[in-house]
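Sequence lines, in order, name chains A and B.
So the first sequence is numbered by the numbering used here: it starts at 329 and just counts up by one.
So the second sequence is numbered by the numbering used here: it starts at 413 and just counts up by one.
The beta-carbon is built from N, C-alpha and C at its ideal position, and this holds for glycine as well.
All values derive from a computational prediction rather than experimental measurement.
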Amino acid sequence: DTEVTQTPKHLVMGMTNKKSLKCEQHMGHRAMYWYKQKAKKPPELMFVYSYEKLSINESVPSRFSPECPNSSLLNLHLHALQPEDSALYLCASTEDPNEKLFFGSGTQLSVL
Amino acid sequence: SQQGEEDPQALSIQEGENATMNCSYKTSINNLQWYRQNSGRGLVHLILIRSNEREKHSGRLRVTLDTSKKSSSLLITASRAADTASYFCATSTSGTYKYIFGTGTRLKVLA
């Protein structure tokens, strides 16, 4: 299995809602990532977990809360988001910092 | 910003022509990778070149790396309509899991 699976594919939420994005991989990868991508822009790194511990937080607002319950699963909890947070959220994983990233197909998030 | 710069921002060519896109970066790197993204979807890895390599080939793809100039280029030969996508370079620094993406090139191949 060489897939990274993200759910849901689409999400619409109000500014007072709480929702979660889910990412799963069964490749035994040690590092998992959240990226945010606006239209016609490159992916921006948000968080990196390595060995199930948060190793990189790119000064992301606290309304985004990552969680890594186990080595195969990565969540992104969303609370009190703003319309400008609307974007494609991409999950990725890698076995080794010298190797390629495997990406999920993303969650298209709209905040109303 | 640590982000790499890519040029051109957009490129439109005819099917069968070659497409070249360039990436410049700012810091010392461990490796440089190229990814393709079809509209609104996840990124797909194309090729990885390590800092001690100068050129690499994979099918219709040719990547070069010049660490003295902190730049790389991706050549797609004999392009097809299916190559229409955005292309991003990404760099990683030795010892970290941090991958930073360049600004991207939007390629359109006309049939």
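At least one CB atom of chain B sits nearer than 8 Å to the CB of asparagine 426/A. Look at arginine 448/B: its C-beta is not under 8 Å from any C-beta on chain A.
Residue nearest to glutamine 353/A within the set Asn403/A, Pro370/A, Gly342/A is Asn403/A (criterion: CA-CA distance). Each of Ser451/B, Leu423/B, Cys501/B, Leu458/B was checked against the Cα of serine 484/B, and the nearest Cα belongs to Cys501/B. Looking at the DSSP output, glutamate 418/B shares a beta bridge with Cys435/B. For tyrosine 377/A, DSSP records a beta bridge to Met360/A, Leu382/A. Contact residues of the region 360-387 of chain A toward chain B are Pro370, Pro371, Leu373, Val376, Ser378, Ser383, Ile384 (C-beta to C-beta distance below 7 Å).
When the alpha-carbon of histidine 457/B is set against those of Glu427/A, Ser438/A, Glu412/A, Pro397/A, the nearest one is in Glu427/A. Just measuring C-alpha positions, the residue of Leu437/A, Met374/A, Ser399/A sitting nearest glutamate 412/A is Leu437/A.
At a cut-off of 8 Å between C-beta atoms, glutamine 426/B does not count as an interface residue with respect to chain A. Taking the CA atoms as reference points, proline 336/A sits about 26 Å from glycine 516/B.
For the pair lysine 481/B and tryptophan 446/B, the Cα-to-Cα distance works out to about 18 Å. In the three-state reduction of the DSSP assignment, alanine 367/A falls in the coil class. Not a single C-beta of chain B is nearer than 8 Å to the C-beta of serine 414/A. By the CB criterion at 8 Å, leucine 519/B and asparagine 430/B fall outside the cutoff.
Three or more beta-carbon pairs separated by less than 8 Å link the region 430-445 of chain B to the region 503-510 of chain B, which places the two stretches in contact. Here glutamate 427/B is near valine 521/B, since their CB atoms are less than 8 Å apart. Secondary-structure assignment with DSSP links serine 421/A through a beta bridge to Met360/A, Phe430/A.
In this structure, glycine 452/B sits away from phenylalanine 431/A, with a CB-CB distance that is not shorter than 8 Å.
Straight-line spacing of the CA atoms in leucine 339/A and serine 348/A works out to 10 Å. Contact with chain A is found for glycine 514/B, since one of that chain's Cβ atoms lies less than 8 Å from the residue's Cβ.
Secondary structure note for arginine 492/B: it is in no beta strand (DSSP E), with a DSSP letter that is neither H nor E.
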